[in-house]
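Here the UniProt record's numbering is used: the sequence shown runs in plain steps of one and ends on residue 319. Yeah, the Cβ is synthetic: ideal placement off N, Cα and C, and Gly gets one too. From a predicted model like this one, the values you see are computed outputs, not experimental measurements. One structure is given below, encoded as structure tokens.
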Amino acid sequence: MASSSGALSPKLKVADLTGKVAIITGATRGIGKACAIALAKQGCNIVVAAKTTTEQPTLPGTIYSVAEELQQLGVQALPVKVDLRKLEDIKECVKQTVDKFGRIDILINNASALWWQRIEDTPMNKYDLITQINTRGSFAMTHLCLPIMAKNKYGRVINMSPPLQTDFRAYKGFTAYNISKFGMTMSALGAAAEYEGQGITGNSLWPATVIESQASKNFELGGREMWRKAQILSDCVLGLVSSSDDFTGNQLIDDEYLQNKHELTAEDLAVYRCVPDVEPPRALASHGHMGSSGEATVRRGDVRRLDHDVQKSTTLSRL
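Here it is in structure tokens:
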């Protein structure tokens, strides 16, 4: 493996992905788009699976604009409108992918809905929404892609979800969200277990810090000095798709993975800072979305309730 044109870190060695095909949910912006660009620069064809077909002020980018950007990198890109709450959309996405490319090699379950509230403050319609999108949507996509991967004896399932928590304090203020996100992690682990030895791996991946994205801006999750670039996760994805078949069943934190598996140093990680001379706090590494004391540092619902959420939130200074 040679130095990667798709990676931000010059130390990362990545396989040539020419001819391979990746489905990426939520690929119109943020982490999903960063992964799409990184894989495309390595020659991978991309299925842009997301809901946005018309650009909005708070949600820039569409499946069509991202597909065009990827095609300019010299790969094929297939834009598919997918609402992960609708099984027919997921089935249609997989069908269109197979019809166009005849294969699926990589699945990145990135799209998800955010809801950081206490149990008593979680309406059941919000619980249903996040579990339908996060747990059920990623499970359905994985369920449909795995048999296609198995035919070629190669597959990489990567779910953007946190390590499972056994400390009960990790659920304070995040119970519904944790249920939905841990379901994503379990789907990755299930893929790893059920397809072990068949050329298919399953891993979950989660950031140690808040990541620069439209969500971090819309939800006002601190300033840029508290964020890392989305490319830290896309670099991890490049590493995972290039790894051997026995690197599977892992629940990974981005910076720990890059240091332990790819031998990046703490100094090497500076390339991912949003503010070059400020190292952001690893607020998400130990407790998912919590401060070191285990107390919820911020509560967030959806964008439409942002003002209400900000009023109910504690200070962000501990993030």
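query                                                                                                                                                       : result
Under 8 angstroms, with one C-beta from each stretch per pair, do the stretch 56-65 and the stretch 94-101 reach the 3-pair mark?                           : no
V157 and T201 - do their beta-carbons sit closer together than 8 angstroms?                                                                                 : yes
Taking P207 as the reference, which of V241, N110 and A7 has the closest Cα?                                                                                : N110
Assuming N134 is part of the beta strand (DSSP E), what are its boundary residues?                                                                          : From DSSP, N134 is part of no beta strand (DSSP E); its letter is neither H nor E.
Only counting the same chain, and skipping five residues up and downstream in sequence, which positions put a Cβ closer than 7 angstroms to that of D268?   : S9 and K11
Compare the Cα-Cα distances from F101 to each of A266, T18, N125 and L189 and report the closest residue.                                                   : T18
Just checking my contact of I211 with R228 at CB under 8 angstroms: how many whole Å lie between their CB atoms?                                            : 6 angstroms
In angstroms with no decimal places, state the Cα-to-Cα distance between N152 and E279.                                                                     : 42 angstroms
DSSP on residue 324, reduced to helix/strand/coil?                                                                                                          : Summary: the structure shown does not reach residue 324, with the chain confined to residues 1 through 319, and so no result is reported for it.
Report the start-end ranges of each beta strand (DSSP E) in the stretch 81-146 that is 3 residues or longer and not cut off at the edges.                   : 106-109
So, at 8 angstroms on beta carbons, what are the nonlocal neighbours of C236 in its own chain, with the 5 sequence-adjacent residues on each side left out? : L205, L252, D254, Y257 and L258
At which residues does the beta strand (DSSP E) containing S204 begin and terminate?                                                                        : I200 to W206
Going by C-alpha to C-alpha distance, which of A22, A36 and V21 sits closest to T28?                                                                        : A36
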